[in-house]
Amino acid sequence: MPFDLVPGATIGILGGGQLGRMLALAAAKLGLKTHVYAEDPESPAFDVASMRTIAPYEDEMALTEFAGTVELVTYEFENVPSRTASILSAACLVRPSPETLAVCQDRLAEKEFLAAASIKTAPYMKVDDAGALARAVAQIGRPSILKTRRFGYDGKGQVLLREGADLAVTFRTLGGTPAILEAVVPFAKEISVVAARGPDNAFAAYDICENIHENHILKSTRAPARLPKEIAAEAVRLTRVIVDALDYSGVIAVEMFVVGEADGRGDARIELCVNEIAPRVHNSGHWTLDGAVTSQFEQHIRAIAGWPLGAPNRLGAQEGEHVEMENLIGEDVLAWAKILGEPGACLHLYGKAEARPGRKMGHVTRIVPSPIL
Ligand code: AMP
């Protein structure tokens, strides 16, 4: 198959956060250039890209100029406006596709897509107004979670609906925008499958990630997840069904709830329930930078370029070893010097000036037990 890009080509990246930064670094490793398009002049990805555009995502002239300088466009966030995606795809390849974006940026469209693929999710109902919320609560019960259909991340755009909460007030709290009501899933743990699919159908999945959230923000990931083998295989199978149905190109992350006992003894009552699909590289895959043969960032570049996928194998995969990734959130980053002094710890800093609470400033990866100690 002819390659879609050759070394020396330029990839456009929409979004200039840490994901864009690590994508640009991975592209550079493979002899590719990057042009980062972002709204914020302080975007961390600008430090490491060949070209930059600072403009709103709705600026049609800036988008057209940007498209003229790149062979292919990808993105680091799924809330790319659909008009932006269609302007860009008229001018060059956009991977993953605008159709994929449309599914993954709307919680209702995503849930309906998963249902059509016979993949289990939390029970949900569409909520367009306070009246619909009352009907949804009558069916789904409480506690349940009201989530805006669009623009939610790190727990933003969602609210837990407890017994006694006023429905009209709750609906207004979320801005009165179209939403869904979801049942609370009594999960034993949260996992994600980070995987890649190439335009030629090649597929490669990393070891399953086991994720711990604090205040709705990912705090740490452990790979491989502690799961019975057949459940891990089922998680990968579901991911394969999803990428094939989307005719996907690039790295994807599928977040899932593990429901039931996940004690490693092969309990047959364990079930998987898909929470969310991220059509991009994902925080739970950051461990692959130091813990896998091919990082998720390099894998994404390979996949969108139509190049052979790299091996997803975990490094340090001896019996009893695992990889841990810890996010440095807000002032956690002040420990950078201590982490540098820790044998075997791999530190990544995103170059953000201000350590605001809840802001992802960097991460650290460790192979446990450390091969160095
Ligand atoms: P989300 O933005 O949908 O990924 O939700 C952020 C986090 O909220 C998840 O990682 C879970 O910890 C929690 N959460 C979201 N939806 C549910 C649900 N239906 N049941 C239980 N916990 C949930």
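Counted from 1, the sequence shown has number 222 at position 119 by the numbering used here; the numbering is strictly sequential.
Cβ atoms here follow ideal geometry from the backbone N, Cα and C, with glycine treated the same way.
| Check | Outcome |
| --- | --- |
| Gln208 and Met228 closer than 8 Å at C-beta | no |
| Per-residue burial, Phe106 [other beta carbons within 10 Å of its own, 16 or more giving buried] | exposed |
| Beta-carbon proximity check, Ile404 vs Ala129, cutoff 8 Å | yes |
| C-beta atoms of Asn386 and Met359 nearer than 8 Å | no |
| 3 or more residues per run - each beta strand (DSSP E) lying fully within the region 294-342 | 306-308, 312-317 and 320-326 |
| Pair within 8 Å by beta-carbon distance, Gly120 and Ser146 | yes |
| Closest by C-alpha distance to Leu217, when choosing among Leu264, Ala305, Ala348 and Gly278 | Ala348 |
| Assigned exposure category for Arg459 - 16 Cβ within 10 Å defines buried | exposed |
| DSSP beta-bridge partners of Ser247 | Leu264 and Ala286 |
| Spatial distance of Ala408 from Tyr453 (CA atoms) | 25 Å |
| Spatially closest choice to Val197 from Arg383, Gly278, Gly111 and Cys449, by CA coordinates | Arg383 |
| Beta-bridge partners of Leu450, as assigned by DSSP | Val467 |
| Meets three-Cβ-pair contact criterion under 8 Å: the region 393-403 and the region 411-418 | yes |
| Three-state secondary structure (DSSP) of Ala365 | Residue placement at Ala365 is flagged as unreliable, the pLDDT there being 47, under the threshold of 50; the coordinate-derived value follows with that caveat. Here Ala365 sits in coil by DSSP. |
| Which residues DSSP lists as bridging Tyr140, in chain order | Leu117 and Thr156 |
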